[in-house]
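Participant: Note that the working numbering has the sequence shown beginning at 397, numbered continuously upward. Cβ atoms here follow ideal geometry from the backbone N, Cα and C, with glycine treated the same way. Remember, predicted model here, so these are calculated numbers, not experimental data. Encoded as structure tokens, here's the structure I'll be asking about.
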Amino acid sequence: MAERAYALTTARAQEEAKAGANVSHMASMFKVAGATLNQERCELMVEAAGNRGLGWSGGGFTPEELAVTRGWLRSKGNSIEGGTTEINLNVVAKRVLGLRDTQ
């Protein structure tokens, strides 16, 4: 359901941008939401795999199980790349509160 809401919000932002609205702050919102969704999805996959979702190498794990572990670890980088989650949340908060950038 969260992924569907994300997709619908993305579509709405695209329509607003086409109509000439300033949607630059939405990039920060999408970065935070996308990173969170991906991390939650990967954590769920690790939980569902149980101890089979903790493999890193070796013959005791299938390629799919190894991909689950690596995907989960990789998802942690989503909250850093493209600006940290904290910075992106500050951008969104400024917009919500109507604060100006001080640049």
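So, for residue 413: in the same chain, excluding its five sequence neighbours on each side, which residues have a beta-carbon less than 6 angstroms away from its beta-carbon?
Facilitator: To locate residue 413, count along the sequence shown from 1; it is residue 17. Here the set comprises 419.
Participant: Could you name the residues of the same chain whose beta carbon sits closer than 8 angstroms to that of residue 472, not counting the 5 residues immediately before and after it, in chain order?
Facilitator: Indexing the sequence shown from 1 puts residue 472 at position 76. Hits under 8 angstroms: 435.
Participant: Measuring alpha carbon to alpha carbon, tell me which residue in 464, 427 and 493 is nearest residue 480.
Facilitator: The residue you call residue 480 lines up with position 84 of the sequence shown. Answer by Cα proximity: 427.
Participant: What would DSSP say about residue 455, mapped onto helix, strand or coil?
Facilitator: In the sequence shown, counting from the first residue as 1, residue 455 sits at position 59. Here residue 455 carries a coil assignment [DSSP, helix/strand/coil].
Participant: Could you round the C-beta distance between residue 432 and residue 449 to whole angstroms and report it? I think they count as a contact, below 8 angstroms.
Facilitator: Your numbering for residue 432 matches position 36 in the sequence shown. Your numbering for residue 449 matches position 53 in the sequence shown. That pair is no contact at about 20 angstroms.
Participant: Counting along the chain, where does the alpha helix (DSSP H) carrying residue 480 start and finish?
Facilitator: On the sequence shown, position 84 is the one that residue 480 refers to. Per DSSP, residue 480 belongs to no alpha helix (DSSP H) and is neither H nor E.
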